[in-house]
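Asks:
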Amino acid sequence: MIVRMWEARAEPYGVADLITWVCDTALPEFEHDPMHLSSEVFSSTDHRVVVISKWRGNPRALPAPPATLLARPPHSWDFTQVDR
3 MIVRMWEARA
13 EPYGVADLIT
23 WVCDTALPEF
33 EHDPMHLSSE
43 VFSSTDHRVV
53 VISKWRGNPR
63 ALPAPPATLL
73 ARPPHSWDFT
83 QVDR
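My numbering numbers the first residue of the sequence shown as 3 and each following residue consecutively.
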């Protein structure tokens, strides 16, 4: 399993709209992909929106959000589980 963390910093006025875009536009694009297991969306008090998605293989990228909502471009990182 691969976990992708996608993070974007929204403009202060754009947090709610960025969350709406993630939930209504970005995530539905790959939720029916057989390699997609699940996704969760989080927000923070410093205007960040984070998506944690779990995949059976190579994760698909989220589409580019509307630039007018962003304070800076999004970043993403992939993780694999550590056996301990």
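Beta carbons: idealized from backbone N, C-alpha and C, even for Gly. Predicted model only: the values in this text are computed from it and were never measured.
1) Give me the Cα-Cα distance between Phe81 and Met37, rounded to the nearest whole angstrom.
2) Is the beta carbon of Pro76 less than 8 Å from the beta carbon of Ile4?
3) For Glu9, which three-state DSSP category applies?
4) In whole angstroms, what is the alpha-carbon distance linking Glu13 and Ala73?
5) Could you check the C-alpha separation between Asp35 and Ala63 for me, to the nearest Å?
Replies: Reading from the atomic positions:
1) Stepping through the sequence shown from its first residue, residue 81 is reached at position 79. Stepping through the sequence shown from its first residue, residue 37 is reached at position 35. Taking the straight line from one Cα to the other gives about 16 Å.
2) By 1-based counting over the sequence shown, the position of residue 76 is 74. By 1-based counting over the sequence shown, the position of residue 4 is 2. No; because the gap between Cβ atoms is not below 8 Å, this pair is not in contact.
3) For the purposes of this step, residue 9 is taken as the residue at position 7 of the sequence shown. The answer is strand: DSSP assigns Glu9 an E or B state.
4) Numbered from 1 along the sequence shown, position 11 holds the residue referred to as residue 13. Numbered from 1 along the sequence shown, position 71 holds the residue referred to as residue 73. Between Glu13 and Ala73, the C-alpha separation is close to 5 Å.
5) Reading the sequence shown from its first residue, position 33 is the one you call residue 35. Reading the sequence shown from its first residue, position 61 is the one you call residue 63. Cα to Cα, the separation comes out at about 12 Å.
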